Amino acid sequence: MDISKNYFQLFGFPVQFSIDEPELSKRYRELQKDIHPDRFAGKGDREKRLAEQFSTYVNEAYQGLMVPLARAEYLLVLAGVEMDPQNETTNDGLFLMQQMELREALAEVPSHENPEAALDEMSAQVKQSIELLLQEYETAYNAGLFDQCKASVTKLHFVTKLSREIEKLEAQILDY
Amino acid sequence: MALLQISEPGLSPAPHQRKRAVGIDLGTTNSLVATVRSGDALTLPDESGEAMLPSVVRYRAGDAPQVGRDAKAMAAEDPLNTLLSVKRFMGRGLGDIKMLGTQLPYEFGPEDGGMPFIKTVQGLKSPVEVSADILRTLAQRGKESLGGELDGAVITVPAYFDEAQRQATKDAARLADINVLRLLNEPTAAAVAYGLDKAEEGVIAIYDLGGGTFDISVLRLSRGVFEVLATGGDSALGGDDFDHAIAEWIIAEADLSEQLSPSEQRTLLAISCHAKEQLSVETSVALKYGQWQGELNRQQLNELMDPLIERSIRACKRAIRDAGVSLDQIQNVVMVGGSTRTLRVRERVEAFFSQAPLLTIDPDRVVAIGAALQADILAGNKPDSDLLLLDVIPLSLGLETMGGLVEKVIARNTTIPVAKAQEFTTFKDGQTAMAIHVLQGERELVDDCRSLSRFELRGIPAMVAGAAHIRVTFQVDADGLLTVSAQEKSTGIESGVTVKPSYGLDDGTITRMLKDSYAFAKEDMSSRSLREQQVEAERVIEALVAALAADGEALLSAAEFSTLQAAVDSLRQCHNVGTADEITAEIERVGQLSEHFAALRMDVNIKKALAGHNLDELDK
Chain A
1 MDISKNYFQL
11 FGFPVQFSID
21 EPELSKRYRE
31 LQKDIHPDRF
41 AGKGDREKRL
51 AEQFSTYVNE
61 AYQGLMVPLA
71 RAEYLLVLAG
81 VEMDPQNETT
91 NDGLFLMQQM
101 ELREALAEVP
111 SHENPEAALD
121 EMSAQVKQSI
131 ELLLQEYETA
141 YNAGLFDQCK
151 ASVTKLHFVT
161 KLSREIEKLE
171 AQILDY
Chain B
177 MALLQISEPG
187 LSPAPHQRKR
197 AVGIDLGTTN
207 SLVATVRSGD
217 ALTLPDESGE
227 AMLPSVVRYR
237 AGDAPQVGRD
247 AKAMAAEDPL
257 NTLLSVKRFM
267 GRGLGDIKML
277 GTQLPYEFGP
287 EDGGMPFIKT
297 VQGLKSPVEV
307 SADILRTLAQ
317 RGKESLGGEL
327 DGAVITVPAY
337 FDEAQRQATK
347 DAARLADINV
357 LRLLNEPTAA
367 AVAYGLDKAE
377 EGVIAIYDLG
387 GGTFDISVLR
397 LSRGVFEVLA
407 TGGDSALGGD
417 DFDHAIAEWI
427 IAEADLSEQL
437 SPSEQRTLLA
447 ISCHAKEQLS
457 VETSVALKYG
467 QWQGELNRQQ
477 LNELMDPLIE
487 RSIRACKRAI
497 RDAGVSLDQI
507 QNVVMVGGST
517 RTLRVRERVE
527 AFFSQAPLLT
537 IDPDRVVAIG
547 AALQADILAG
557 NKPDSDLLLL
567 DVIPLSLGLE
577 TMGGLVEKVI
587 ARNTTIPVAK
597 AQEFTTFKDG
607 QTAMAIHVLQ
617 GERELVDDCR
627 SLSRFELRGI
637 PAMVAGAAHI
647 RVTFQVDADG
657 LLTVSAQEKS
667 TGIESGVTVK
677 PSYGLDDGTI
687 TRMLKDSYAF
697 AKEDMSSRSL
707 REQQVEAERV
717 IEALVAALAA
727 DGEALLSAAE
737 FSTLQAAVDS
747 LRQCHNVGTA
757 DEITAEIERV
767 GQLSEHFAAL
777 RMDVNIKKAL
787 AGHNLDELDK
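Residue numbers (the working numbering), protein chains in the order written: chain A, 1 to 176; chain B, 177 to 796.
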């Protein structure tokens with residue numbers, strides 16, 4: 001196996017944003033069936049080590065394609081577009097305003113009369129904005145507009161973080 | 177008369193010969209060993225027909241340790257030298273053990289920050305050594321039953337076991353001279369035992385309440401591949417806690433002093449355990465302890481147990497959420513562990529999942545049976561098997577950053593094997609060293625997570641703060657064991673450790689324990705290491721011969737083929753006459769020669785797996 005193959009080539013998919021996720025999962029499992037270290041458990045240490053390396057790369061590639069945001073970022077890496085998501089900021093005022101409102105709403109959830117319903121509504125809202133941003137990204141990527149792609153990725157990081165906070169609060173409120 | 181086949185001395189056995197493989201359930205309260213015979217997995221009994229080996233070891237002055245029922249029978253009489261439930265101490269420090277909250281009768285050795293040693297008449301014993309004694313007894317049973325040295329074993333661990341606990345289990349196997357094919361998560365083993373791997377698709381929950389640990393796992397199954405979607409649980413919750421709750425109730429009712437002697441504690445716990453078991457059949461039991469007499473009914477017992485069971489249900493909710501599935505997607509619920517015999521547990525689990533859990537396989541044996549099935553496959557006895565288990569890490573792994581915070585590098589429930597790198601930088605101008613502190617856990621503060629290891633990266637060139645780029649790489653192998661390395665990018669200076677958890681044992685300690693373990697054994701260290709290398713050589717020869725037969729002609733030139741053929745012959749020769757060191761060197765040489773061939777074969781495998789997809793789809 002050539003570790004220099006990119007994730008898409010590894011699984012035999014074209015380099016593009018849209019991907020057939022069930023088919024990706026299927027190919028991932030087929031690959032692991034053949035190269036997982038368990039297949040080499042009774043063999044020599046060296047073969048096991050090699051299998052370990054390949055299996056690790058297949059896991060990395062699968063995660064890199066299966067998670068839409070990871071896939072979006074990976075496409076930019078392949079296109080040679082540099083970005084440091086930790087330090088990127090957005091200057092889209094409208095988007096920032098929406099984010100602030102959502103965060104304020106989240107802070108008020110615990111005192112809401114039906115916090116569970118409030119959380120459900122927020123989750124749905126956030127999910128929808130993730131969908132929209134992914135569509136935005138895909139359109140920009142297909143047109144080769146990488147600066148717009150970067151802007152979408154930055155926003156996606158914001159929203160993903162918010163969705164994680166919603167989950168955390170959900171766990172607290174529902175007493176998991 | 178049938179003729180017996182005898183192979184030429186030193187020749188590796190024919191590839192089709194069955195391997196001797198066992199599955200071992202190393203439990204908190206009881207342990208079992210199982211194997212596959214003519215397609216069926218069965219637990220192996222001792223000479224008196226008992227399959228369950230109590231996980232109890234008693235150390236005696238000047239004599240070999242007693243393991244199992246004989247040891248357990250002496251627990252009340254000789255509490256200081258009779259060690260029970262040491263699985264709870266594996267990979268733990270004394271502080272953690274005290275936090276288990278139960279009164280322990282043992283005397284611990286001087287604390288040195290590592291795993292605690294327990295004082296016995298045979299000297300200080302680490303939980304790892306005690307576990308090794310249990311494993312040795314089980315492996316011996318396997319050898320006798322299968323008629324020869326074992327080729328390998330699958331040993332099960334709770335899915336919730338962290339790095340330190342897994343490493344401790346592997347160390348115990350090493351001490352017991354067992355070739356570990358794989359550490360397997362107990363719940364996964366249970367699912368395999370139920371043959372749920374034969375179903376096409378589905379989500380399964382495994383509810384495992386043992387003596388000392390609770391595990392919940394959510395697995396997805398699709399065409400022979402098991403994916404652990406999420407695991408959770410409580411490594412300090414089990415049926416023993418029910419016994420303790422009852423014992424405390426008796427102490428309160430009888431107005432006893434809290435300072436009971438070790439043997440009084442044991443007696444009281446035995447009474448409590450018996451009462452718990454009876455109350456799954458009857459609605460009330462009479463109790464008697466010393467002068468005190470009383471009665472406990474099922475309703476009262478339920479009240480004592482409910483808060484504990486509730487903790488397990490909360491962990492279920494969390495695991496289901498982590499798995500990203502909904503409750504109604506769960507098609508099967510498997511019950512594992514002796515404590516699931518408790519009626520109340522069954523009631524509550526059934527109510528939560530809105531379905532009757534699977535109970536047809538003995539919940540005490542189900543894990544060992546699954547482990548045996550998996551061992552059979554891993555040893556190569558079932559080359560056509562489609563079963564593959566993809567495991568995840570149970571807890572997040574990370575590093576300490578400024579301010580006592582933890583930066584996660586690998587999130588929990590990530591599929592293994594996995595490697596991830598993260599970059600860090602220096603905090604001060606001119607800083608030339610960096611302390612790397614590896615942690616495990618979900619919380620944000622270092623103090624709330626488990627410390628796994630610390631090491632230092634030295635020789636960083638002096639730069640202004642924030643200019644150095646230190647790349648720290650975490651690698652977790654298929655057994656869930658971690659290696660961490662750090663590299664300064666501009667200079668390439670590197671430093672790394674295989675994480676020997678803070679509560680683990682260093683190699684020197686293991687060597688000493690190995691020597692100790694020979695005090696009562698017939699074999700000595702040097703003959704063991706020779707045999708180990710011979711076994712490894714046999715494995716390498718067998719793998720290479722099979723590989724050459726399968727793909728040699730297709731992938732290699734005639735010259736390459738004969739080089740490898742010659743390498744096999746020379747290793748075979750060395751295997752027969754060489755010392756341990758010579759065999760090791762020869763294995764290494766053959767390994768290097770065959771590296772290229774192994775890589776070519778791997779490539780062919782991948783092409784095979786993806787055959788029929790690539791071309792048309794890439795054309796689109």
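Every residue, glycine too, gets a C-beta built ideally from N, C-alpha and C. The structure presented is a predicted model; accordingly, all values stated were derived computationally and were not measured.
Reduced DSSP secondary structure (H/G/I, E/B, other) of residue i
{"i": "D251 of chain B", "result": "Contrary to the premise, residue 251 of chain B reads as Ala rather than Asp in this sequence. Here A251 of chain B sits in coil by DSSP."}
{"i": "K161 of chain A", "result": "helix"}
{"i": "K5 of chain A", "result": "coil"}
{"i": "P570 of chain B", "result": "coil"}
{"i": "M228 of chain B", "result": "coil"}
{"i": "E583 of chain B", "result": "strand"}
{"i": "S214 of chain B", "result": "coil"}
{"i": "D338 of chain B", "result": "coil"}
{"i": "A171 of chain A", "result": "helix"}
{"i": "V652 of chain B", "result": "strand"}
{"i": "Q441 of chain B", "result": "helix"}
{"i": "F773 of chain B", "result": "helix"}
CB contact flag (residue i, residue j, <8 Å)
{"i": "A499 of chain B", "j": "A406 of chain B", "result": "yes"}
{"i": "L565 of chain B", "j": "D92 of chain A", "result": "no"}
{"i": "V512 of chain B", "j": "P292 of chain B", "result": "no"}
{"i": "Y141 of chain A", "j": "F17 of chain A", "result": "yes"}
{"i": "A315 of chain B", "j": "I273 of chain B", "result": "no"}
{"i": "L106 of chain A", "j": "E170 of chain A", "result": "no"}
{"i": "T389 of chain B", "j": "L359 of chain B", "result": "no"}
{"i": "V209 of chain B", "j": "A544 of chain B", "result": "yes"}
{"i": "T219 of chain B", "j": "G386 of chain B", "result": "no"}
8 Å Cβ cutoff, residue i in contact with chain A
{"i": "G767 of chain B", "result": "yes"}
{"i": "R358 of chain B", "result": "yes"}
{"i": "F600 of chain B", "result": "no"}
{"i": "V594 of chain B", "result": "yes"}
{"i": "K800 of chain B", "result": "One cannot answer for residue 800 of chain B here, as it falls past the ends of chain B, which runs 177 to 796."}
{"i": "E771 of chain B", "result": "yes"}
{"i": "L565 of chain B", "result": "yes"}
{"i": "A178 of chain B", "result": "Bear in mind that the predicted position of A178 of chain B carries a pLDDT of just 46, short of 50, making it unreliable; the figure below should be weighed with that in mind. False, the Cβ-Cβ gap to chain A never drops below 8 Å."}
{"i": "D552 of chain B", "result": "no"}
Enclosing beta strand (DSSP E) for residue i [first to last residue]
{"i": "I294 of chain B", "result": "294–296"}
{"i": "D384 of chain B", "result": "377–385"}
{"i": "P241 of chain B", "result": "239–243"}
{"i": "S460 of chain B", "result": "460–465"}
{"i": "K596 of chain B", "result": "594–600"}
{"i": "R368 of chain B", "result": "Reading off the sequence shown, one finds Val at residue 368 of chain B, where the question assumed Arg. Segment 362–369 is the alpha helix (DSSP H) holding V368 of chain B; no beta strand (DSSP E) there."}
Delimiting residues of the alpha helix (DSSP H) encompassing residue i
{"i": "M66 of chain A", "result": "45–66"}
{"i": "R630 of chain B", "result": "Here R630 of chain B belongs to no alpha helix (DSSP H); instead the beta strand (DSSP E) covers 626–633."}
{"i": "I799 of chain B", "result": "Residue 799 of chain B lies beyond the stretch modelled for chain B, which goes from 177 to 796, so this question has no answer here."}
{"i": "I427 of chain B", "result": "415–430"}
{"i": "L31 of chain A", "result": "21–35"}
{"i": "V521 of chain B", "result": "519–529"}
{"i": "R474 of chain B", "result": "474–499"}
Supposed contact pair residue j and residue i - C-beta distance, whole angstroms, cut 8 Å
{"i": "A230 of chain B", "j": "R245 of chain B", "result": "The question names Ala, yet the displayed sequence has Pro at residue 230 of chain B. Indeed, because the Cβ distance is near 6 Å, the residues count as touching under 8 Å."}
{"i": "Y7 of chain A", "j": "G64 of chain A", "result": "5 Å"}
{"i": "K168 of chain A", "j": "R715 of chain B", "result": "At roughly 48 Å, the Cβ-Cβ gap does not stay under 8 Å, so K168 of chain A and R715 of chain B are not in contact."}
{"i": "P334 of chain B", "j": "S411 of chain B", "result": "7 Å"}
Within-8 Å CB hit, residue i to chain B
{"i": "N59 of chain A", "result": "yes"}
{"i": "D92 of chain A", "result": "no"}
{"i": "F158 of chain A", "result": "no"}
{"i": "I35 of chain A", "result": "yes"}
{"i": "Q178 of chain A", "result": "Look at the range of chain A in this structure, 1 to 176, and you will see that residue 178 of chain A is not part of it."}
{"i": "R164 of chain A", "result": "no"}
{"i": "L102 of chain A", "result": "no"}
{"i": "E52 of chain A", "result": "yes"}
{"i": "R71 of chain A", "result": "no"}
{"i": "A117 of chain A", "result": "no"}
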